[in-house]
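Student: In this note's numbering, the protein residues as written are 223 to 613.
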Ligand code: APR
Ligand code: PHB
């Protein structure tokens, strides 16, 4: 098998790249280790930045999102029993975010790609990359028990944090920057109408809470917990009781409860590798960086990377120039670090840290007070939340 660009991983990074390349007439094939139903059902985040929404629409992939997604123009920050709205539209000149689950995006991307006879190999086993420093890199994999080889001009490592592409780069090339957080998120999906039209981020004595949603009938809720929290210690009643405490207000707010249809614990980390490229292999999305979920930047950052990569590949195939491709890592990392800063900042603003003392607590509350009372401070939150411009 031969193609111009071999893409490892059918997450948001790999699939959006596949569409961008196809649109530019560049042949590509996507190799995915899991089955199609698996990637289409896996519950993940659900906030799309304005730029991501616009791109999906430009690619003709936004029809269902525009019908079923919920456009939001603000969020609430809640602390000391009071809510404060951050008005994105007012602060950013009309921008907002789309609430639409990542696995719904995946369904739309996969079905459109297959409809145009794009190549996606599901259940590709033992995927490995070779000769990445040469002009003819190759991806090897096993499909239905048969060993196969895909020869390409370039490889896109879009295989997430636990993928194989990053680890195929020789030791000593990549510099790793990371930070762990002393907590995780316990998340549930519940058949319960969201108690508010917009997302609510809570900073409470007992820890962070987030009320998000998937539809007017389904809530997505999160609680700050221990990083290794045992789900068995959290029967549904205990989760609701804890959520109600953290979301309570002076004027008697309460969350709408309902059957819990999914439950899980997510760890939190910040992680970046530099550079995001080696030889003819480019890393994009979670394979190159992870952000903590506060602010929901993971998917959007993955999409921003592949836009840069697609632009570089288009330039290469249309003119033979490599300038953009050579600057891929530098261009992506400038944005990656800004988004890292924002995700770290939202996380620090809203969570309780185990070693917090009274000073830290008062400083955190003062910062919340500042962000919700100064237009300048609220604007920095809003412009980052709806998404920084692409270079
Ligand atoms: N071979 C083939 N496919 C692989 C391999 C492998 N060795 N390892 C991982 N994959 C696949 C995974 O099954 C997954 O479908 O690569 C895909 C990577 O997708 P994501 O993890 O979604 O990563 P990415 O596309 O970078 O998107 C980042 O997704 O993880 C969320 O919260 C994250 O929103 C962020 C976004
Ligand atoms: C979600 O809906 O899953 C979600 C929303 C906002 C976040 C993180 C996750 O900051």
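Think of the CB as a built atom: it goes at the ideal place given N, C-alpha and C, for glycine as much as any other residue.
#1: Starting from residue 447, trace the alpha helix (DSSP H) in both directions and tell me its first and last residue.
#2: Could you say which of 450, 388, 475 and 266 lies nearest to residue 422 if we only look at CA atoms?
#3: With which residues is residue 504 paired in a DSSP beta bridge?
#4: Apart from the five residues on each side of it in sequence, which residues of its chain come closer than 6 angstroms, Cβ to Cβ, to residue 536?
#5: Would you mind listing the alpha helix (DSSP H) stretches within the region 562-601 that are 4+ residues and don't spill past its ends, in chain order?
#6: Which residues share a DSSP beta bridge with residue 262?
#7: Should the region 388-401 be regarded as contacting the region 492-502, the criterion being three or more beta carbon pairs within less than 8 angstroms?
#8: Among all the DSSP beta bridges, which residues are the ones paired with residue 320?
#9: Please look up how many angstroms separate the CB atoms of residue 558 and residue 277, rounded, as I've assumed it's under 8 angstroms.
#10: How big is the Cα-Cα spacing for residue 367 and residue 361?
#11: Please name the residue, chosen from 612, 425 and 501, that lies closest to residue 467 on a Cα-to-Cα basis.
#12: Is residue 488 near the ligand PHB, going by C-beta to nearest heavy atom under 7 angstroms?
#13: Mapping the DSSP letters down to three states, classify residue 386 as helix, strand or coil.
#14: Roughly how many angstroms separate the alpha carbons of residue 436 and residue 419, rounded to a whole number?
#15: What I want to know is whether the C-beta of residue 531 ends up closer than 7 angstroms to one or more non-hydrogen atoms of the ligand PHB.
#16: Short of 8 angstroms in beta carbon distance, which residues of its chain neighbour residue 471, apart from the five on each side in sequence? Order them along the chain.
#17: Our contact map puts residue 363 next to residue 373 with C-beta atoms below 8 angstroms; I'd like the distance itself, whole angstroms only.
#18: Counting only the same chain and skipping the five closest in sequence on each side, list residues whose C-beta sits under 6 angstroms from that of residue 295.
#19: For residue 370, which beta-bridge partners are listed by DSSP?
#20: Which residue's Cα is closest to the Cα of residue 514: 331, 567, 544 and 316?
#21: Taking 7 angstroms as the cut-off, is the C-beta of residue 321 nearer than that to any heavy atom in the ligand APR?
#22: Is the distance from the Cβ of residue 517 to the Cβ of residue 565 below 8 angstroms?
#23: Identify the residues that DSSP records as bridge partners of residue 541: which are they?
#24: Please determine, among 223, 588 and 576, the residue with the shortest C-alpha to C-alpha distance to residue 371.
#25: Within this structure, are the beta carbons of residue 242 and residue 528 separated by less than 8 angstroms?
#26: In whole angstroms, what separates the C-alpha of residue 355 from that of residue 434?
#27: Flag this pair as touching only if the region 318-327 and the region 337-346 have three or more C-beta atom pairs under 8 angstroms; answer yes or no.
#28: Along the chain, where does the alpha helix (DSSP H) that runs through residue 472 open and close?
#29: Which residue's Cα is closest to the Cα of residue 520: 332, 408, 227 and 270?
#30: For residue 441, which residues in the same chain have their Cβ closer than 6 angstroms to its Cβ, ignoring the five residues on either side in sequence?
#31: Can you check whether the CB of residue 235 is closer than 8 angstroms to the CB of residue 254?
#32: Would the beta-carbon of residue 509 fall within 8 angstroms of that of residue 387?
Tutor: So, from the listed chains and residues:
#1: Working through the chain shown from its first residue, we reach residue 447 at position 225. No alpha helix (DSSP H) contains residue 447, which is instead part of the beta strand (DSSP E) from 440-447.
#2: Within the chain shown, the letter at position 200 stands for residue 422. With distances taken between Cα atoms, residue 422 lies closest to 475.
#3: To locate residue 504, count along the chain shown from 1; it is residue 282. Answer by DSSP bridge pairing, in chain order: 378 and 499.
#4: Against the chain shown, residue 536 aligns to sequence position 314. If we look at residue 536 and ignore the five residues flanking it on each side, its Cβ neighbours are 246.
#5: Listed in chain order, the complete alpha helix (DSSP H) runs (minimum 4 residues) inside the region 562-601 are 580-593.
#6: What you label residue 262 is simply residue 40 of the chain shown in a count that begins at 1. The partner list for residue 262 (beta bridge, DSSP) is empty, contrary to what the question assumes.
#7: Judged by Cβ distances under 8 angstroms, the region 388-401 makes contact with the region 492-502, as three or more pairs qualify.
#8: Taking the first residue of the chain shown as 1, we reach residue 320 at position 98. The partner list for residue 320 (beta bridge, DSSP) reads 270 and 293.
#9: Residue numbering aside, residue 558 sits at position 336 when the chain shown is read from its first letter. Residue numbering aside, residue 277 sits at position 55 when the chain shown is read from its first letter. The C-beta distance from residue 558 to residue 277 rounds to 18 angstroms, too long to meet the 8 angstroms contact threshold.
#10: If you number the chain shown from 1, residue 367 lands on position 145. If you number the chain shown from 1, residue 361 lands on position 139. Straight across, the Cα-Cα distance linking residue 367 with residue 361 is about 16 angstroms.
#11: Taking the chain shown and counting its residues from 1, the one referred to as residue 467 is at position 245. Taking only the C-alpha atoms, the option nearest residue 467 is 425.
#12: Sequence index remark: in the chain shown, residue 488 carries index 266 (1-based). Not so, every heavy atom of the ligand PHB lies at least 7 angstroms from the Cβ.
#13: Position 164 of the chain shown, counting from 1, holds the residue named residue 386. The answer is coil: DSSP assigns residue 386 none of H, G, I, E or B.
#14: Position 214 of the chain shown, counting from 1, holds the residue named residue 436. Position 197 of the chain shown, counting from 1, holds the residue named residue 419. So the alpha carbons of these two residues sit roughly 11 angstroms apart.
#15: Start at 1 with the first residue of the chain shown, and residue 531 comes out as number 309. No, the ligand PHB has no heavy atom inside 7 angstroms of this Cβ.
#16: Reading the chain shown from its first residue, position 249 is the one you call residue 471. Cβ neighbours of residue 471 beyond the five flanking positions: 300, 303, 304 and 305.
#17: Your numbering for residue 363 matches position 141 in the chain shown. Your numbering for residue 373 matches position 151 in the chain shown. Contact annotation, residue 363 with residue 373: C-beta distance approximately 13 angstroms; criterion of less than 8 angstroms not satisfied.
#18: As a working mapping, residue 295 is identified with position 73 in the chain shown. In its chain, beyond the 5 residues on either side, 310, 311 and 318 have a beta carbon closer than 6 angstroms to the beta carbon of residue 295.
#19: As a first step, residue 370 is located in the chain shown; it is residue number 148 there, counting from the start. The partner list for residue 370 (beta bridge, DSSP) reads 363.
#20: What you label residue 514 is simply residue 292 of the chain shown in a count that begins at 1. In terms of CA proximity to residue 514, 567 leads the group 331, 567, 544 and 316.
#21: In the chain shown, residue 321 corresponds to position 99, counting from 1. Flag unset: Cβ of residue 321 not near the ligand APR.
#22: For the purposes of this step, residue 517 is taken as residue 295 along the chain shown, with counting starting at 1. For the purposes of this step, residue 565 is taken as residue 343 along the chain shown, with counting starting at 1. Yes; because the gap between Cβ atoms is below 8 angstroms, this pair is in contact.
#23: Counting from one through the chain shown, the residue named residue 541 turns up at place 319. DSSP lists no beta-bridge partner residue for residue 541.
#24: The residue you call residue 371 lines up with position 149 of the chain shown. Of the listed residues, the one whose Cα sits closest to residue 371 is 223.
#25: As a first step, residue 242 is located in the chain shown; it is residue number 20 there, counting from the start. As a first step, residue 528 is located in the chain shown; it is residue number 306 there, counting from the start. Yes, the pair counts as a contact, with Cβ atoms nearer than the cut-off.
#26: By one-based count along the chain shown, residue 355 stands at place 133. By one-based count along the chain shown, residue 434 stands at place 212. Roughly 44 angstroms separates the two Cα atoms.
#27: Taking one beta carbon from each stretch, the region 318-327 and the region 337-346 have fewer than 3 pairs nearer than 8 angstroms; the two do not touch.
#28: One-based indexing of the chain shown puts residue 472 at position 250. No alpha helix (DSSP H) holds residue 472; DSSP gives it neither H nor E.
#29: On the chain shown, position 298 is the one that residue 520 refers to. Residue 270 holds the alpha-carbon nearest to the alpha-carbon of residue 520 among 332, 408, 227 and 270.
#30: In the chain shown, residue 441 corresponds to position 219, counting from 1. 412, 414, 416 and 435.
#31: Locating residue 254 in the chain shown gives position 32, counting from the first residue. Locating residue 235 in the chain shown gives position 13, counting from the first residue. With a cutoff of 8 angstroms on beta-carbon distance, residue 254 and residue 235 are scored as not near each other.
#32: Numbered from its first residue, the chain shown carries residue 509 at position 287. Numbered from its first residue, the chain shown carries residue 387 at position 165. Yes; because the gap between Cβ atoms is below 8 angstroms, this pair is in contact.
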